[in-house]
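> Quick one: the structure is below, and I'll ask about it shortly.
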Amino acid sequence: MAVLIQFANGAPGIRFEIDQPVFRIGRGLDNDLCIPDGYVSKEHAIIECRPTDGAEGAYEYFLIDLKSTNKTYVNDNQVNRTRLKGNDMVKIGRNSFKFVVEEDTRAFDTITENPAHKLGVKSDSQHSSEDSMTSSGRHKLSRRLRINQFS
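The opening residue of the sequence shown carries number 1 in our numbering; numbering runs sequentially from there.
Structure below.
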């Protein structure tokens, strides 16, 4: 399994598990990681997880920029599509995340292409209206990141 760890002021913060084959990042509430930052596009980037051809239970992760206005950066280099490696620093808008791969071969055993709901964390209780059902009947839970959380 892999995680993105938010970094603010040089210190690690919230961990976001990449728990789906396609993990969506952006400002919009329907993303798996919602970043309410004006420098982040509504649909900014995705991380795709794919089984490797080699070892069983091993995965590789690809970060793909979705033609965002302010671009996506890995280790201070602008990227359109890149394979992520452990400890890469990902910058989206004004937000920095460390990409970390954790050894867990069960990472995607129970994940389907269209999960019934999204599991996540929210920054505070004021976002309870986000827990509503969408018109398709799917739960709409979003991992919201507060920009000033570590200021």
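Glycine residues also receive a C-beta, built at the ideal position from the N, C-alpha and C atoms.
Within this structure, are the beta carbons of Ile-5 and Ile-47 separated by less than 9 Å?
Translated into positions along the sequence shown, residue 5 becomes position 5. Translated into positions along the sequence shown, residue 47 becomes position 47. For Ile-5 and Ile-47, no; Cβs fall outside 9 Å.
> Counting only runs that start and end within the segment 41-89, where is the beta strand (DSSP E) found for 3 or more residues in a row?
As far as the segment 41-89 is concerned, its whole beta strand (DSSP E) runs of at least 3 residues are 45-51, 59-65, 72-74, 77-79, 81-84.
> Contact check, Phe-23 vs Asp-37 under 8 Å by CB: the rounded distance?
For the purposes of this step, residue 23 is identified with residue 23 of the sequence shown, where counting begins at 1. For the purposes of this step, residue 37 is identified with residue 37 of the sequence shown, where counting begins at 1. 18 Å between Cβ atoms; not a contact.
> Whole angstroms are fine: how far does the CA of Gln-20 sit from the CA of Tyr-39?
Within the sequence shown, the letter at position 39 stands for residue 39. Within the sequence shown, the letter at position 20 stands for residue 20. Using only the alpha carbons, I get a separation of about 25 Å.
> Just to confirm my understanding: we take Ser-68, look at its own chain, exclude 5 residues before and 5 after, and list those with CB closer than 7 Å. What are they?
Along the sequence shown, read from residue 1 onward, the residue named residue 68 stands at position 68. The residues are Ser-41, His-44, Ala-45.
> Looking at Gly-93 and Asn-77, is the spacing between their C-beta atoms short of 9 Å?
Here the question's residue 77 lines up with position 77 in the sequence shown. Here the question's residue 93 lines up with position 93 in the sequence shown. Taking 9 Å as the Cβ cut-off, Asn-77 and Gly-93 do not qualify as a contacting pair.
> Quick check: the Cα distance between Ile-25 and Ala-2, rounded to an integer number of angstroms?
As a position in the sequence shown, residue 25 is number 25, starting the count at 1. As a position in the sequence shown, residue 2 is number 2, starting the count at 1. Those two C-alpha atoms are separated by around 15 Å.
> Check Asn-95 in the structure and name its three-state DSSP category.
Against the sequence shown, residue 95 aligns to sequence position 95. Three-state DSSP puts Asn-95 in a strand.
> Helix, strand or coil, according to DSSP, for Leu-33 in the structure here?
By 1-based counting over the sequence shown, the position of residue 33 is 33. In the structure shown, Leu-33 sits in a strand (DSSP, three-state: E or B).
> Report the partner residues of Glu-17 according to the DSSP bridge assignment.
Start at 1 with the first residue of the sequence shown, and residue 17 comes out as number 17. DSSP output for Glu-17 lists Val-3 as bridge partner(s).
> In or out: Glu-50 buried (at least 16 other Cβ within 10 Å) or exposed?
Here residue 50 corresponds to residue number 50 of the sequence shown, with the count starting at 1. Looking at the sequence itself, residue 50 is Arg, so the reference to Glu does not match. Answer is exposed; the Cβ neighbour count stays below 16.
> What is the DSSP secondary structure of Arg-106, reduced to helix, strand or coil?
For this step, residue 106 is matched to residue 106 along the sequence shown. The pLDDT assigned to Arg-106 is 43, lower than 50, so where the model puts this residue is not dependable; a value taken from the coordinates is nonetheless given after this. Of the three classes helix, strand and coil, the one that applies to Arg-106 here is coil, per DSSP.
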